[in-house]
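The next block holds one structure in the form of structure tokens; read it before the comments.
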Amino acid sequence: MAELSDSKLERQNILNNRLAMKEAEKQFNLSGIEMDGIIYYTRQQVSSFFDVDIRTIERVTEDNRQELEGNDLKMLSGKKLQEFKKNAAEVTDIDVGHKVVNLSVSSFRTLLNYAMLLQNSDQAKAVRNTILDIVIDVMNKQVGGNTKYINQRDEDYIKSAFINENYRKQYTDALNNYLEMGPVKYAVYTDKIYQSIFKERAKEYKKILKLSNNDRVRETMYSEIIDLVSSYESGLADCMKRKYLEKGNQKITPQELNEIIKEFSSMPLWKPLIAKARMKMASRDFVFRNAMHESLEDYIVPIDEGEYERFIGEKSMELNERLDKMQDVFKRLKDR
1 MAELSDSKLE RQNILNNRLA MKEAEKQFNL SGIEMDGIIY YTRQQVSSFF DVDIRTIERV
61 TEDNRQELEG NDLKMLSGKK LQEFKKNAAE VTDIDVGHKV VNLSVSSFRT LLNYAMLLQN
121 SDQAKAVRNT ILDIVIDVMN KQVGGNTKYI NQRDEDYIKS AFINENYRKQ YTDALNNYLE
181 MGPVKYAVYT DKIYQSIFKE RAKEYKKILK LSNNDRVRET MYSEIIDLVS SYESGLADCM
241 KRKYLEKGNQ KITPQELNEI IKEFSSMPLW KPLIAKARMK MASRDFVFRN AMHESLEDYI
301 VPIDEGEYER FIGEKSMELN ERLDKMQDVF KRLKDR
């Protein structure tokens, strides 16, 4: 992990982790001024907390204003400022001042953002170390320290995996019935799809995620990736069948299938779907699995709060728990 003061991506990934933020706020238990259900801190309080001159806070603010404002830094004036002053008056050790007409205030999230930006504060460094420990502890608590199958905690995973089995069979049947090639074709032409979507062969993917030879790649994929693979397999199965029929029921050659895949994967409709899938996989693995897909490095973006909720929050669930809850659904499907 890069030093937080040097990496906006890593800072934002932590600040968007609502579970970690909530636990950190509980541990630090700082006194501030409440407004609209949120605790805020004045610039003077921030400088005192980090034991730096207020001009240092002002300089950091000007250099990183867009990032800080994206993490709840606010400028109060008018009615909001009057409300804040009224609330502050109830806290005896905080003096906003009667002549102030504009006031910069920080939430706890902003405070942590400052901790990640201040390079010459021992207190800021201590806060950075603490929040990193909290992030690790929260992750371990939610997933038991093993993130290999964190993708399966998503409520969409079961549906995608279930549907994929049908499309996977269509594809392997098409390879068997329409392609003139030995048994190696199943691995070769599965890799072709993986390379089109996320630029990696199955072997390379396993190495990056530190999977064993016995681990099934698709069991570790996010639902969006599985859905896209299913679309590819369904479409290519149909293309192979049509080429086979065009040739008078004669099997196609690997060269012909390579041309089909090249044309199929270059269709404009795939571009936004592939870009989104690459972004999801690269960004999630970077955060949740500490895995870097170097071929997709340009697609890495910060994980938003909804993603944390999806994979480690209240909506997430171990696969066996979700399967237990879905027994009635499966039974109804079986009885049809």
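Under the UniProt record's numbering, the first residue of the sequence shown carries the number 1, and numbering increases by one thereafter. Glycine residues also receive a C-beta, built at the ideal position from the N, C-alpha and C atoms. Everything numeric in this text was worked out from a predicted model, so none of it was measured.
Give every residue of the same chain whose Cβ lies closer than 7 Å to the Cβ of S199, excluding the five residues on either side of it in the sequence, and list them in chain order. Looking at the sequence provided, one finds Lys at residue 199 rather than Ser. Answer for K199: S295, L296, listed in chain order.
Sequence ranges, alpha helix (DSSP H) only - wholly within the stretch 174 to 221, length at least 4: Those alpha helix (DSSP H) runs which fall completely within the stretch 174 to 221 and span 4+ residues are 185 to 198, 202 to 209.
Outcome for S106 when other beta-carbon atoms lying within 10 angstroms are tallied against a minimum of 16: Buried is the call here.
Cβ neighbour criterion (16 or more within 10 Å) applied to M221: Result: buried.
C-alpha distance - S316 paired with G306, whole-angstrom precision: If you take the alpha carbons of S316 and G306, they lie about 11 Å apart.
So what does DSSP say about S107, is it helix, strand or coil? For S107, the secondary structure class from DSSP, reduced to helix, strand or coil, is strand.
For M35, which three-state DSSP category applies? Strand, per DSSP.
I'd like the ranges of any alpha helix (DSSP H) spanning at least 4 consecutive residues and lying wholly in the stretch 235 to 318. Within the stretch 235 to 318, the runs of alpha helix (DSSP H) that reach at least 4 residues and sit entirely inside it are, in chain order, 254 to 265, 270 to 288, 305 to 312.
State yes or no: is the C-beta of L228 within less than 8 Å of the C-beta of N113? For the pair L228 and N113, the CB atoms are not nearer than the 8 Å cut-off.
DSSP three-state assignment for Y167, whether helix, strand or coil: The answer is helix: DSSP assigns Y167 an H, G or I state.
Name the one or two DSSP bridge partners that Y114 has. Y114 pairs with nothing; no bridge assigned.
Please state whether DSSP places L76 in a helix, a strand or coil. Collapsing the DSSP output to three states places L76 in a strand.
Residue interval of the alpha helix (DSSP H) (run including E69): Element bounds for E69: 65 to 70.
With 16 as the cutoff for other CB atoms within 10 Å, does L54 come out buried or exposed? Sequence inspection shows Ile at residue 54; the Leu mentioned does not correspond to that position. Exposed, by the Cβ-count rule.
Name the one or two DSSP bridge partners that T130 has. Bridge partners of T130: none, in fact.
Which same chain residues, not among the five before or five after R201, have their C-beta less than 7 Å away from its C-beta? So the list reads D191, Y194, Q195, once near-sequence residues are dropped.
Near L333, which residues of its chain fall below 8 Å by C-beta distance, leaving aside the five closest residues on each side in sequence? Any reading at L333 is ruled out, since the residue's pLDDT is 45, under 50, leaving its predicted position unreliable.
Buried or exposed by the 16-neighbour rule on C-beta atoms within 10 Å, applied to D154: Buried, since its Cβ has 16 or more Cβ neighbours within 10 Å.
Taking contact to mean 3 or more Cβ pairs, one atom from each stretch, closer than 8 Å, check whether the stretch 125 to 135 and the stretch 72 to 79 are in contact. No: fewer than three Cβ pairs fall under 8 Å.
Grab me the residues of A20's own chain with a C-beta within less than 6 Å of its C-beta, minus the 5 sequence neighbours each way, in chain order. Within the same chain, A20 has close Cβ partners I134, V135, V138.
Closest Cα partner of M181 within the set Q250, T42, Y40, L211: Of the residues Q250, T42, Y40, L211, the one whose Cα lies closest to the Cα of M181 is Q250.
Beta carbon of Y308 nearer than 8 Å to that of A282: The answer is no: Cβ separation not under 8 Å.
Where does N140 sit, in a helix, a strand or coil, going by DSSP? If DSSP states are grouped into helix, strand and coil, N140 belongs with the helices.
For the stretch 238 to 248 and the stretch 149 to 166, state whether three or more C-beta atom pairs, one from each stretch, are separated by less than 8 Å. No contact exists between the stretch 238 to 248 and the stretch 149 to 166.
Can you have a look at V46 and say buried or exposed, based on whether 16 or more other CB atoms are within 10 angstroms of its CB? Sixteen is the threshold: when 16 or more other Cβ atoms of the shown chains lie within 10 Å of the Cβ of V46, as they do, the residue is buried.
Rounded to a whole number of angstroms, what is the C-alpha to C-alpha distance between L4 and V60? Straight-line Cα distance between these residues: approximately 14 Å.
Are the beta-carbon atoms of M267 and V301 separated by less than 8 Å? Judged by beta-carbon spacing, V301 lies beyond the 8 Å limit of M267, meaning their Cβ atoms are not closer than that value.
Under three-state DSSP, which class holds T42? Correct three-state label for T42: strand.
Is it true that the CB of I150 sits closer than 8 Å to the CB of E288? Note that residue 288 corresponds to Phe in the displayed sequence, not to Glu. The answer is yes: Cβ separation under 8 Å.
According to DSSP, is F330 part of a helix, a strand, or is it coil? Confidence in F330 is poor, its pLDDT being 44 and thus under 50, which makes the residue's placement unreliable; the coordinate value appears in the next sentence. In the three-state DSSP reduction, F330 falls in the helix class (H, G or I).
Once the 5 residues before and after F330 are set aside, which same chain residues still bring their CB inside 6 Å of it? Note on F330: pLDDT 44, under 50, position unreliable in the model; the coordinate value appears next. Nothing meets the Cβ criterion.
Give me the Cβ distance between L73 and T110, rounded to the nearest whole Å; I'm assuming they're in contact under 8 Å. L73 to T110, Cβ: 5 Å. Contact.
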